[in-house]
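**Q** Below you'll find the structure I mean.
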Amino acid sequence: MRFSTLLRLKSFIGLAYLLFNANLIFAQETVRDEFGLRRYDNNDGTQNWSTNWIESNDSNGATGGRIQVNGSRLRFEDISRNSQWVKRTFNLNSVGATSASLRFNWETVRLDQSGGSGEELNVQVSSALNGPFVTIGSFKGTQNGVFNLDISAYISSNTTVRFINTNTLSWGDWEPNEYVFIDNLEISYSTDATLSPCANGSDNIWTENFEGINQGWSVSNNGQGTIGVRNYPQNGSGGSGLVATDVDNVAIWTSNTINISDYKDVKVNMDIGSWFDSGGNSLETNDYIEVLYSLDGAGFVRFQSNPYFTDDVIPVKSCAGVFNGSSLVLRVRMRNTYTDEHHYIDNIVVSGTSTSSAPPVITASGDQSFCTGDPQISVVESISITDPDVTDTTLEEMSIQISGGYVSGEDVLSLSGSQANISSSWDVSSGKITLTGPATFAEFEAAISAVMYSNSNASPSLGERTFTITLQQANFLAQTGHFYEFVPDVGIRWDDARDAAALRSYYGLQGYLATLTSQEESDLAGSQINGAGWIGASDAAVEGEWRWVTGPESGTVFWNGTAGGSSPNWAFWNTGEPNQAGNEDYAHITDPTVGIDGSWNDLSITGADSGVYQPKGYIVEYGGMAGDPTLQISASTKITVNTIPVPFGIYHE
């Protein structure tokens, strides 16, 4: 078999597998009416309706009157305001429904012709047989389409759908030969909450409510209209959402890359809708909002529930059940054509079920003094390692780093005695000793208790040393509660480093290019690198306005200008930096041989091809992102270096 033929066959099999499983995941029961017979008791779904169609203020029959079944469709003609209506009911509770959607085909003919702009037909839903009813859609003009809306909020023993003209304007009555047709009306439902794309998973992965710091998303509108965060009237709490106004050429909102590799059964939902200003234009059929996602870098596809609307959009939740994967990107496309027309999105939640086992819990104590002439002292007074999962009893690796106050060339950590199944290595550049197993919790506890601090200088630098005990490779900083890791990758571009960092996780914590907002953070990050390392700062958007563009600090300005500029909070540039020497818009921690240890410099997006300004990797920070779990996989102790023995009463226990 030729390779190309084999490749096509494998692609077909893979697609068939996905489609088959998609049908399994989203298979649903239905009640349906295709109006094939001129009757009000048609049952064309997998289940039967609870009632027939019930009319009011008409002939009460399917074969005549203003409301009737005609030409295999439900037909409405010459409907008066708040007068003629028809409804049908299904008991969703009796089948154990956990989610439900209403869908039908519709066509309007000559509404708004002679009766005025108030002519319309409304579809309503209620959880009670006789209301109150909520309008969930309106149809007017001469047009057609498919209505599809999640109605899970109305699941009850009397979920009822009603068609009525609710317009209150005096010119809202229709005339003869003005029609609306409805066909293939169905309520589809699922009896398993985990199958509903609108159901939230047990663990939040990523959220955005547009009230705080940008989570890393971006917008574009080709210079037409506006798109940005602002208040909108449909938000009952008066809060903000992302609003697009007068965007003739389509406005696009795109999320950052969301790491979903540690989760299964991933789901996404968001609020969407539109409005127009009082006395202004309602949205037209060429206005729309479209909600999509991309999984693992593949093409964008629409959400499964409520993904696309033209014309006016009632407030609704758009939802997607996503196949398990590694990365997810969300996108919303919006088009409207007047300054009084608006679309909005808000309250975006990506959730799923974590596939990671609960991490161990580390607790330690230690607040001691080290005096000149002391040979060595243990870095802990007590240490305990436990795990909620009783089947987990071993670890591969742990580390102890002098995360605060480290003096290279003086401070030393060493493993004393012989420790079963554990070896050690000391890295003087980072002030870290690594203990390597595999070994049991008890063996690691004994080894950590045997890690000793000593000072090689007869006149040591005085002050406090902070020690961080951490699982595996990432280093913990007590001041922030975050973890930090240098990832070697020679020659990596800044944007590739940003994307790679976003795909990393540490016991469920979302990774991002580090945002260093204190001297302690910068010192710890700088102590880990062996060459230039990218961080999450850039002035590419506005020259000379340096912002953190990743992580929870995304959007925060920390520096204005070049060298000699000013900071509204804190910055740690190397001497003479940033200097914008050739389109340098991206920040990195300098090579340890260049300037001030741990300080920053600006580079182009690629950096140099060789030498000390060639990128050698990037710093990933973990912690502070929405949806992050609460961990206790590190602990801190401290030792104060003194010149003379401290009186007994100053010692701390």
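In terms of mature numbering (1 follows the signal peptide of the UniProt record, and there is no 0), the sequence shown is residues -27 to -1, 1 to 626.
We put the beta carbon where it would ideally sit given N, CA and C, even for glycine.
Report, in whole angstroms, the separation of the C-beta atoms of residue 76 and residue 120, which I expect to be a contact under 8 Å.
**A** That pair is a contact at about 7 Å.
**Q** Please identify the residue among 178, 453, 420 whose C-alpha is closest to the C-alpha of residue 408.
**A** Here the closest residue by C-alpha is 420.
**Q** In the DSSP assignment, find the alpha helix (DSSP H) that holds residue 77 and state where it starts and stops.
**A** Unbroken run through residue 77 is the beta strand (DSSP E), 72 to 82; no alpha helix (DSSP H).
**Q** Shortest alpha-carbon distance to residue 132 belongs to which of 188, 155, 231, 71?
**A** Here the closest residue by C-alpha is 71.
**Q** Can you give me the C-alpha to C-alpha distance between residue 41 and residue 136, rounded to a whole angstrom?
**A** Approximately 12 Å between the Cα atoms of the pair.
**Q** Could you please give me the residues that DSSP links to residue 314 through a beta bridge?
**A** The partner list for residue 314 (beta bridge, DSSP) reads 249.
**Q** Straight-line CA distance for residue 570 to residue 269?
**A** About 38 Å.
**Q** Within the same chain, show all residues whose beta-carbon is closer than 6 Å to that of residue 127, passing over the 5 residues directly before and after it, in chain order.
**A** Hits under 6 Å: 98, 100.
**Q** For residue 124, collect the residues of the same chain with a Cβ closer than 6 Å to its Cβ; drop the 5 residues on either side in sequence, then sort them by chain order.
**A** The answer, listed in chain order, is 73, 75, 98.
**Q** Compute the beta-carbon to beta-carbon distance between residue 8 and residue 45, rounded to the nearest angstrom, for a pair I have assumed lies under 8 Å.
**A** Confirmed, about 5 Å.
**Q** Judging by CA-CA distance, which residue of 374, 401, 394 is the nearest neighbour of residue 383?
**A** Comparing Cα positions, the closest option is 401.
**Q** Taking the straight line between their C-alpha atoms, what separation do you get for residue 238 and residue 10?
**A** Their backbone Cα atoms lie some 41 Å apart in a straight line.
**Q** Can you check DSSP and say which residues form a bridge with residue 176?
**A** BP columns for residue 176 point to 325.
**Q** In the DSSP assignment, what are the bridge partners of residue 243?
**A** Paired residue(s): 291.
**Q** Could you say which of 18, 388, 374, 609 lies nearest to residue 671 if we only look at CA atoms?
**A** Because the chain is modelled from -27 through 626, residue 671 falls outside the range shown and cannot be assessed.
**Q** Alpha carbon to alpha carbon, how far is residue 337 from residue 318? Give it in angstroms, no decimals.
**A** Rounded to whole angstroms, residue 318 to residue 337 spans 46 Å at the Cα level.
**Q** Output the boundary residues of the beta strand (DSSP E) element that contains residue 497.
**A** It is not in any beta strand (DSSP E) - residue 497 instead sits in the alpha helix (DSSP H) that spans 492 to 501.
**Q** Using 8 Å as the threshold, is the C-beta distance between residue 351 and residue 424 below it?
**A** Yes, the pair counts as a contact, with Cβ atoms nearer than the cut-off.
**Q** Out of curiosity, what's the CA-to-CA distance linking residue -3 and residue 371?
**A** Reliability of the predicted coordinates at residue -3 is poor, the pLDDT of 37 falling under 50, and the value obtained from them is presented with this limitation in mind. When rounded, the distance between both Cα atoms is 41 Å.
**Q** Tell me whether residue 21 is buried or exposed, calling it buried when 16 or more other Cβ atoms sit within 10 Å of its Cβ.
**A** Exposed, because fewer than 16 other Cβ atoms sit within 10 Å of the Cβ of residue 21.
**Q** In whole angstroms, what separates the C-alpha of residue 443 from that of residue 449?
**A** Their Cα atoms are separated by approximately 7 Å.
**Q** Candidates 376, 374, 406, 377: which alpha carbon is nearest residue 387's?
**A** For the residues 376, 374, 406, 377, the minimum Cα distance to residue 387 belongs to 406.
**Q** Going by DSSP, what residues sit across from residue 412 in a beta bridge?
**A** The partner list for residue 412 (beta bridge, DSSP) reads 368.
**Q** Could you pull out every residue in the same chain whose Cβ sits closer than 8 Å to the Cβ of residue 108, ignoring the five residues on either side in sequence?
**A** Hits under 8 Å: 95, 96, 97, 139, 287.
**Q** With residue 22 as the anchor, note down where its alpha helix (DSSP H) starts and where it stops.
**A** Careful: residue 22 lies outside any alpha helix (DSSP H) and carries neither H nor E.
**Q** In angstroms with no decimal places, state the Cα-to-Cα distance between residue 232 and residue 345.
**A** Rounded to whole angstroms, residue 232 to residue 345 spans 49 Å at the Cα level.
**Q** Beta strand (DSSP E) containing residue 6: first to last residue?
**A** Where residue 6 is concerned, the enclosing beta strand (DSSP E) stretches over 2 to 6.
**Q** For residue 564 and residue 347, I'd like the C-alpha separation in whole angstroms.
**A** Their backbone Cα atoms lie some 35 Å apart in a straight line.
**Q** If you follow the beta strand (DSSP E) that residue 475 is in, where does it begin and where does it stop?
**A** Where residue 475 is concerned, there is no enclosing beta strand (DSSP E), although the alpha helix (DSSP H) it sits in stretches over 467 to 475.
**Q** Is the beta carbon of residue 437 less than 8 Å from the beta carbon of residue 566?
**A** The answer is no: Cβ separation not under 8 Å.
**Q** Leaving out the 5 sequence neighbours to the left and right, which residues in its chain are closer than 8 Å to residue 184 when beta-carbon positions are compared?
**A** These residues qualify, in order along the chain: 212, 213.
**Q** Roughly how many whole angstroms lie between the Cα atoms of residue 611 and residue 173?
**A** Their Cα atoms are separated by approximately 43 Å.
**Q** Measure the alpha-carbon distance for residue 561 versus residue 505 and round it to whole angstroms.
**A** For residue 561 and residue 505, the distance between alpha carbons rounds to 6 Å.
**Q** Can you tell which of 541, 303, 432, 453 has its C-alpha closest to the C-alpha of residue 181?
**A** Of 541, 303, 432, 453, the residue nearest in Cα terms is 303.
**Q** Work out the CA separation of residue 134 and residue 453 for me, nearest whole Å.
**A** Distance between the alpha carbons of residue 453 and residue 134: 53 Å.
**Q** From this set, 322, 354, 417, 330, which residue's C-alpha is nearest residue 369's C-alpha?
**A** Looking at the Cα atoms, 417 is the closest of the given residues.
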